[in-house]
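Okay, so here's the structure we're looking at.
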Amino acid sequence: MTGPAQDAGGWLPEDFEAPARLDLSTGDHLRQIRAADIDIDYPTVMANQPRLWAIFGDVWGWPPADMTREEDLSDLERHAEEMQRNESFNYAVFDAAETTLKGCVYVDPTDRPGAAADVSWWVTEEELGGPLEEALRREVPRWLREQWPLEAPRFIGVDLSWHDWQQLPGETAL
0 MTGPAQDAGG WLPEDFEAPA RLDLSTGDHL RQIRAADIDI DYPTVMANQP
50 RLWAIFGDVW GWPPADMTRE EDLSDLERHA EEMQRNESFN YAVFDAAETT
100 LKGCVYVDPT DRPGAAADVS WWVTEEELGG PLEEALRREV PRWLREQWPL
150 EAPRFIGVDL SWHDWQQLPG ETAL
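Residue numbers (numbering that gives the first Met the number 0): 0 to 173.
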């Protein structure tokens, strides 16, 4: 998976500590993803691969149909490192017991005009159009306003489509 611009310095204050968790009104929660989540992440991603490729394939080249567990583990390790350095953030959407991965939320720097950050998410096929997806639309923007030092984040897939985002001037992919 191609990640955000590696030169993301300045999009967040150096001393910023990203929230570890967001509890959702559905009883689910967001938590920073980590390599230890591989046994729940990999099967969920691959079960949803065709739809995820349709969303992210053109932009991130992810997830390829032949992605291995080792490649996914490498992605999870990279995400953890990027979060440590405040370069970008990947939050897994879990049920209360963390036995089911229901999607992910990404908070990334942007080099495209009109926003301080690009935010996107996906949910599993089972959650499409349901209460969880609605909770993300409502609660993630409020969370970012209240707990993140971001001015005007852009919500890709909500404010504009990925296709429209790709048409904005900018030099790097997320």
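Using N, Cα and C, we set each Cβ at its ideal position, and we do this for glycine too.
Each of G169, T25, A35 was checked against the Cα of R111, and the nearest Cα belongs to G169. Taking a 10 Å sphere around the C-beta of S24, we find fewer than 16 other C-beta atoms and assign the residue as exposed. Ranking R20, A35, N47, D22 by CA distance to the CA of E125 puts N47 first. With contacts defined as CB atoms closer than 8 Å, C103 and I32 qualify as a contacting pair. Going by C-alpha positions, M66 is about 28 Å away from G129. The criterion of a C-beta distance shorter than 8 Å is not satisfied by P62 and L72.
W164 sits away from I54, with the two beta carbons spaced by 8 Å or more. Excluding sequence positions up to five before and after R68, its CB lies within less than 6 Å of the CB of Y41, all in the same chain and listed in chain order. Residue state for F55 is assigned as helix, using DSSP reduced to three classes.
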